[in-house]
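Only one structure is covered here, and it is reproduced in the block below.
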Amino acid sequence: MIQTADRLRKLPPYLFAEIDRKKREVRARGVDVIDLGIGDPDLPTPPHIIRALQQAAEKPEHHRYPSYEGMPAFRQAVADWYARRFGVTLDPDTEVLTLIGSKEGTAHMPLAFVNPGDVVLVPDPGYPVYAAGTWFAGGECHFMPLRRPNGFLPDLGAIPPDVARRAKLMYLNYPNNPTAAVASPAFFEKVVEFARRYDVIVCHDAMYSELRFDDYVPPSFLSTPGAREVGVEFHSLSKTYSMTGWRLGFCVGRREAVAGLGKVKTNVDSGAFQAIQEAGVAALEGPQDIPERYRKTYQERRDITVQGLRKLGWEVDVPKAAFFVWAPVPNGNDSRAFATRLLEEAGVVVTPGIGFGPSGEGFYRIALTIRADRIAEAMERLQELAW
Ligand SMILES: *Cc1c(COP(=O)(O)O)cnc(C)c1O
Numbered sequence: 426m427i428q429t430a431d432r433l434r435k436l437p438p439y440l441f442a443e444i445d446r447k448k449r450e451v452r453a454r455g456v457d458v459i460d461l462g463i464g465d466p467d468l469p470t471p472p473h474i475i476r477a478l479q480q481a482a483e484k485p486e487h488h489r490y491p492s493y494e495g496m497p498a499f500r501q502a503v504a505d506w507y508a509r510r511f512g513v514t515l516d517p518d519t520e521v522l523t524l525i526g527s528k529e530g531t532a533h534m535p536l537a538f539v540n541p542g543d544v545v546l547v548p549d550p551g552y553p554v555y556a557a558g559t560w561f562a563g564g565e566c567h568f569m570p571l572r573r574p575n576g577f578l579p580d581l582g583a584i585p586p587d588v589a590r591r592a593k594l595m596y597l598n599y600p601n602n603p604t605a606a607v608a609s610p611a612f613f614e615k616v617v618e619f620a621r622r623y624d625v626i627v628c629h630d631a632m633y634s635e636l637r638f639d640d641y642v643p644p645s646f647l648s649t650p651g652a653r654e655v656g657v658e659f660h661s662l663s664k665t666y667s668m669t670g671w672r673l674g675f676c677v678g679r680r681e682a683v684a685g686l687g688k689v690k691t692n693v694d695s696g697a698f699q700a701i702q703e704a705g706v707a708a709l710e711g712p713q714d715i716p717e718r719y720r721k722t723y724q725e726r727r728d729i730t731v732q733g734l735r736k737l738g739w740e741v742d743v744p745k746a747a748f749f750v751w752a753p754v755p756n757g758n759d760s761r762a763f764a765t766r767l768l769e770e771a772g773v774v775v776t777p778g779i780g781f782g783p784s785g786e787g788f789y790r791i792a793l794t795i796r797a798d799r800i801a802e803a804m805e806r807l808q809e810l811a812w
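FYI, this note's numbering numbers position 219 of the sequence shown as 644, with every residue one higher than the one before it.
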């Protein structure tokens with residue numbers, strides 16, 4: 426029998442596999458399952474971006490290996506976008522790196538900077554890739570609990586100094602998945618101070634910075650004074666432009682950190698298909714009316730969800746950004762039992778908070794990546810159950 430490496434066995438059991446299995450069971454019984462679990466945009470990629478790919482795909486120069494660090498035109502488009510959107514000036518040659526989706530970059534980052542036994546500061550609950558990437562590099566995760574009374578921000582003062590001194594990286598993610606929490610410039614200032622004191626590279630996953638609601642505009646970590654000397658930001662076109670399947674992202678910021686990640690990538694992949702990067706330029710530089718409309722669509726869905734949950738008398742914070750609603754499990758704490766009950770009795774899938782880490786227990790996540798009428802129907806089904 427083949428033995429997998431220890432690093433694979435170290436990964437926690439994949440909770441979502443269990444949900445998938447239950448979902449199939451319930452569907453097999455003939456139930457019309459409404460899936461509020463999947464954080465993958467259902468809205469299509471805007472047509473002008475698809476056309477840009479079609480045209481670029483015809484060009485023979487794109488059929489060869491791309492350049493490792495990314496196409497100059499794409500890196501320039503990223504730098505221009507950062508300047509327009511955040512007022513952050515980046516050198517496209519040394520401070521911007523093309524990624525095959527930002528997941529790829531966040532996962533590879535520890536291979537560049539973490540030695541066995543080094544610590545990485547990881548949010549809990551959080552996107553599972555931060556911990557997995559750390560373990561693959563032989564590092565240890567120190568989990569930073571994100572708690573509601575603290576606005577789902579980590580309490581930096583609670584990180585023991587001896588742990589902080591061993592830390593090489595700190596992952597952060599605002600607007601946040603799964604909690605939909607946002608971070609203020611004042612919080613980012615504290616992060617810069619912490620990173621300076623302990624010489625930690627901050628890896629800010631800014632995936633949801635453009636999925637914003639009402640008048641709220643999320644800041645970039647890199648626009649914090651001093652941030653560019655301590656950290657990088659990960660971003661991608663996946664969520665903003667409904668391009669998760671395309672695999673195109675970027676890492677920007679501190680030069681040495683970008684270079685280290687680039688060196689890892691040079692040795693494991695050969696870059697992103699250039700035609701996709703050309704389409705990425707069309708996304709960043711083209712008309713922004715469709716993403717703007719998509720924001721409104723998610724916002725409508727958010728409002729239906731929040732109203733539905735409140736009608737049940739359940740507590741819920743109104744998210745300012747990202748496409749999730751994160752709410753406390755009503756009358757209890759067991760998120761898995763709650764999710765199982767919703768699926769079995771109402772045919773509605775939500776994600777139990779514990780799937781994102783132990784501090785996610787007591788909460789559940791609804792993804793707003795499904796049509797409004799389906800969300801409304803899910804809310805009606807919940808009203809019909811006895812709570
Ligand atoms: C969706 C998601 C990603 C993955 O982005 P890709 O660019 O598609 O790899 C990264 N981080 C968070 C927090 C996400 O929710």
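Glycine residues also receive a C-beta, built at the ideal position from the N, C-alpha and C atoms.
Return yes when at least one heavy atom of ligand 1 lies under 7 angstroms from the C-beta of serine 661, else no. Residue 661 sits at position 236 when you count from the first residue of the sequence shown. For ligand 1, at least one heavy atom lies less than 7 angstroms from the Cβ of serine 661.
Is it a yes or a no for the stretch 695-704 touching the stretch 532-551, going by three-plus beta-carbon pairs under 8 angstroms? No, they do not touch.
Buried or exposed: tyrosine 633, going by 16 or more other Cβ atoms within 10 Å of its Cβ? Within the sequence shown, numbered from 1, the residue matching residue 633 stands at position 208. Classification of tyrosine 633: buried, given that the 10 Å Cβ count is 16 or more.
CA-to-CA distance, valine 677 to alanine 620, given in whole angstroms: To locate residue 620, count along the sequence shown from 1; it is residue 195. To locate residue 677, count along the sequence shown from 1; it is residue 252. Taking the straight line joining both Cα atoms gives about 17 angstroms.
Keeping to the same chain, check which residues put their C-beta closer than 7 angstroms to that of leucine 810; ignore five residues upstream and five downstream. Against the sequence shown, residue 810 aligns to sequence position 385. Cβ neighbours of leucine 810 beyond the five flanking positions: Glu770, Ala771.
Identify whether glutamate 494 lies in helix, strand or coil by the three-state DSSP scheme. On the sequence shown, position 69 is the one that residue 494 refers to. The answer is coil: DSSP assigns glutamate 494 none of H, G, I, E or B.
Hey, out of Gly495, Gly787, Gly705, whose CA is closest to proline 471's CA? Numbered from its first residue, the sequence shown carries residue 471 at position 46. Out of Gly495, Gly787, Gly705, Gly705 has the C-alpha closest to the C-alpha of proline 471.
Comparing the CB of threonine 604 with every heavy atom of ligand 1, is any distance shorter than 7 angstroms? Here residue 604 refers to the residue found at position 179 of the sequence shown. Checking the Cβ of threonine 604 against ligand 1 gives no.
Taking 8 angstroms as the threshold (C-beta atoms), are threonine 523 and valine 558 in contact? Locating residue 558 in the sequence shown gives position 133, where the first residue counts as 1. Locating residue 523 in the sequence shown gives position 98, where the first residue counts as 1. Residue 558 is actually glycine in this sequence, not valine. Pairing glycine 558 with threonine 523 gives a Cβ-Cβ distance that is not under 8 angstroms.
Smallest Cα separation from arginine 432: which of Gly563, Ala608, Asn540, Thr519? Position 7 of the sequence shown, counting from 1, holds the residue named residue 432. Considering only alpha carbons, the answer is Gly563.
Where do the N-terminal and C-terminal ends of the alpha helix (DSSP H) with aspartate 549 fall, by residue? Position 124 of the sequence shown, counted from the start, is the residue given in the question as residue 549. Here aspartate 549 belongs to no alpha helix (DSSP H); instead the beta strand (DSSP E) covers 544-549.
To the nearest angstrom, how far is the alpha carbon of serine 609 from that of tyrosine 641? Taking the first residue of the sequence shown as 1, we reach residue 609 at position 184. Taking the first residue of the sequence shown as 1, we reach residue 641 at position 216. One C-alpha to the other measures close to 11 angstroms.
Sequence ranges, beta strand (DSSP E) only - wholly within the stretch 569-600, length at least 3: The stretch 569-600 contains these whole beta strand (DSSP E) runs: 592-598.
How many Å lie between isoleucine 474 and tyrosine 723 at the Cα? For the purposes of this step, residue 474 is taken as the residue at position 49 of the sequence shown. For the purposes of this step, residue 723 is taken as the residue at position 298 of the sequence shown. In this model, isoleucine 474 and tyrosine 723 are separated by some 21 angstroms (Cα to Cα).
Would you list, in sequence order, the uninterrupted beta strand (DSSP E) runs of no fewer than 3 residues that lie entirely inside the stretch 719-787? Fully enclosed beta strand (DSSP E) runs of 3 or longer: 749-753.
Span of the beta strand (DSSP E) around leucine 686: Looking up residue 686 in the sequence shown gives position 261. Counting along the chain, leucine 686 falls outside any beta strand (DSSP E), though it belongs to the alpha helix (DSSP H) covering 680-693.
Paired residues, beta bridge with arginine 637 - DSSP: Stepping through the sequence shown from its first residue, residue 637 is reached at position 212. The beta-bridge partner set that DSSP reports for arginine 637 consists of Ala746.
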